[in-house]
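Have a look at the structure below, then the notes.
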Ligand code: DX5
Ligand code: ZN
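Residue numbers (my numbering): 29 to 256.
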């Protein structure tokens, strides 16, 4: 599959929650393709973030797809609530459920995209039995739980492996990379095979969030035309 586009998904974890509507409008102006929403339960990851009501509010505030990243154990318990709140894609961690196939089916029954995420220490091989049926594979490039961490290069190899598997078997999933993405390393991620760049700190902790999104898109699009 030849790749024709790269999208940026700003992670609102790094946004000013007291001004979320304005923050969303800024990244829309910058050309964001999706809004990445990090849900943390204080158990799967050592942090608590936001939940269903925030997704429902965001659904009213933007037309962009809501890319909901569940960092919670037993995500199957919350699929319906996030789907009804307006999630466009729900991504669950391979490490967070004993019943990955079941939870992916449950997500798809709501006619929304099903994604699967892997932590830095989880190999791509752990996903072999579900790759043919997911819409998204999220490769964590930091250990999940916090924004503002440094990119772990181990992610690049996994992104490349996923891209090769997708080409070989004609899978349809898109590849998303999440954690520590900046204008400096975005090109490496795209050259490896990433289709969607999640970025929190490098977008919202700047004076010009729209400009930061534009820059990431520009770097990504340039990288698409370069040889691997
Ligand atoms: C980490 C989250 C990421 C995070 C990205 O647990 O899944 O989406 O918000 O933030 P930055 O870009 O700051 O690493
Ligand atoms: Zn995330």
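Where a beta carbon is used, it is the ideal one built from N, C-alpha and C, also for glycine.
Item: Among all residues, which have a Cβ less than 5 angstroms from at least one non-hydrogen atom of ligand 2, and in what chain order do they fall?; Value: 66, 97 and 206
Item: What do you reckon, is the C-beta of residue 49 under 7 angstroms from a heavy atom of ligand 1?; Value: no
Item: Go ahead and pull the three-state DSSP assignment for residue 52.; Value: helix
Item: Any idea what DSSP makes of residue 34, helix, strand or coil?; Value: coil
Item: Just to check my reading of the structure: residue 65 and residue 83 have Cβ atoms closer than 8 angstroms, yes? What is that Cβ distance to the nearest angstrom?; Value: 6 angstroms
Item: Can you find a C-beta in chain D that's less than 8 angstroms from the C-beta of residue 68?; Value: Note that chain D does not occur in the displayed structure, where there is just one protein chain.
Item: Just how far apart, CA to CA, sit residue 69 and residue 95?; Value: 17 angstroms
Item: DSSP three-state call for residue 143: helix, strand or coil?; Value: strand
Item: Under a three-way DSSP split, which group does residue 170 fall into?; Value: coil
Item: Could you spell out the range, first to last residue, of the beta strand (DSSP E) harbouring residue 224?; Value: 224 to 227
Item: Could you name the residues of the same chain whose beta carbon sits closer than 6 angstroms to that of residue 89, not counting the 5 residues immediately before and after it, in chain order?; Value: 49 and 52
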